[in-house]
DNA sequence: GAATCGATGGTCT
DNA sequence: GACCATCGATTCT
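Numbering (the numbering used here), first residue to last: 1 to 196.
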C-alpha cells in the first residue's frame with residue numbers, strides 16, 4: 001500500500017479534502033501500527049476564510065499553515081484537546097484540512113487504552129478523540145507527513161465513490177455568514193464513525 | 001433524544 | 001481579558 005505523496009497535498013484544498021476520504025491515517029507507536037480510515041474532514045482555505053486560524057494573518061501558532069504542503073498542523077483547543085490538520089496547496093498560502101473522524105482499523109486495543117480504557121466512549125469519532133486515540137499532540141505540529149521515517153503518515157485506501165460522499169457546513173463555526181454556510185465539511189454518508 | 005454546562009490553558013487584542 | 005475548528009457528564013423533555 002503506497003503512501004500519499006506531497007503532490008497529493010499540493011492541490012486545491014477542497015479537492016484534497018474530498019480525496020482524503022477513504023485514505024488511511026497511520027501512527028507508528030512503539031513499533032505498533034495504529035490506523036484508521038478517514039471518514040470526515042473539513043477544509044480551511046486562506047486568510048479570507050473567516051473560520052480559519054489564518055484569518056488574522058501569520059502568527060506563531062498558525063505558521064505551519066503557511067508552510068509547505070504535506071506537513072501537520074496540530075493545535076490545542078479549549079485548553080485540553082488536540083486537533084490534527086494536513087497542510088495543503090503551496091508554501092506561503094495558508095490552507096489545511098482538519099481530520100475530524102476515523103473508522104478504527106489497526107491497533108484498536110491500544111487506542112482504547114489511550115482513550116482511558118473506557119469501552120463505552122467513541123474511539124476516533126471527533127477531531128480531539130482521534131488525536132487522543134493515536135497519541136497525537138503538539139509534538140507533531142509542523143511534522144512532515146511525507147518523510148520516509150515519519151511516525152505519522154497517510155496511506156492509499158480504497159477509493160470512495162462520489163455517491164458515498166456528503167457535504168455540509170463546518171462544525172463549530174460561528175459568526176460569519178459565509179463561513180457558517182460554506183459546505184466545506186466532507187464525510188462518508190451513512191458511516192457510523194462520523195462525529196455527532 | 002436534545003439542550004446545557006463545566007473543564008482548562010494557549011493565543012491574540 | 002475574551003475567545004475558542006471539543007468532549008463528556010448532567011439535566012431536561
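Think of the CB as a built atom: it goes at the ideal place given N, C-alpha and C, for glycine as much as any other residue.
Computed from a prediction, not measured in an experiment: that's the story for all the values here.
For residue 112, the three-state secondary structure derived from DSSP is helix. Between the C-alpha atoms of residue 8 and residue 95 there is a straight-line separation of about 14 Å. By alpha-carbon distance to residue 191, the top candidate from 135, 101, 159 is 101. For residue 85, DSSP records a beta bridge to 73, 98. By alpha-carbon distance to residue 193, the top candidate from 158, 176, 127 is 127. Straight across, the Cα-Cα distance linking residue 111 with residue 134 is about 6 Å. Apart from the 5 residues on each side of it in sequence, residue 168 sits with its Cβ closer than 7 Å to the Cβ of 183, 185 in its chain, given in chain order. The Cβ atoms of residue 72 and residue 152 lie closer than 9 Å to each other. Cα atoms of residue 105 and residue 28: separation of roughly 13 Å, rounded to the nearest angstrom. Following the DSSP letters along the chain, one finds residue 66 inside the alpha helix (DSSP H) bounded by residues 63-66. Contact between residue 34 and residue 86 is ruled out by a C-beta separation of about 17 Å, above the 8 Å threshold. Fully contained in the segment 6-58 are the following alpha helix (DSSP H) runs of length 4 or more, in chain order: 6-9, 13-20. Nearest to residue 47 by alpha-carbon distance, out of 40, 39, 56, 19, is 56. As a beta-bridge residue in DSSP terms, residue 152 pairs with 27.
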